[in-house]
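Numbering (my numbering), first residue to last: 6 to 102.
Structure representation (C-alpha cells):
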C-alpha cells in the first residue's frame, strides 16, 4: 500500500474498517443458488482490502467454511490442497452445472 493510499484510508474510512471487512469475509456465506464464481468474486474483494493481509491458508479456510454444501462436497472429493486448486475445482463444477 502506498503512503497516499494509507493517508486516504486514514482520512475517509471509519476506524477499524479493515477489521469490519475481515469479519464480513468470515460471515459471507455462499447462497444456495449462487454460483461459486459470484461468491468468490465477492469474497475476494473483501480479502483485497483487509489489512494486514490474510494468509492463503486463512483465505482457503474462510472460502471452504462459507461455501454451500454442494461445492464443499466436490472440493472434499477433489482433495484440493491450495486455494487456487479449490477455486479451479469449483469453477469447473459451476461450468458443468
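No residue lacks a Cβ here, since even glycine has one placed at the ideal position from N, Cα and C.
Please read these numbers as outputs of a predicted model, since none were measured by experiment.
In the three-state scheme derived from DSSP, where H, G and I count as helix and E and B as strand, residue 59 is classed as coil. Exclusion of the five residues before and after residue 47 leaves 33 as the residues of its chain whose Cβ lies within less than 8 Å of its Cβ. Taking a contact as a CB-CB distance under 8 Å, the pair residue 45 and residue 92 counts as one, their CB atoms being some 6 Å apart. A contact is defined here as three or more CB-CB pairs under 8 Å, and the region 46–60 fails this definition with respect to the region 74–82.
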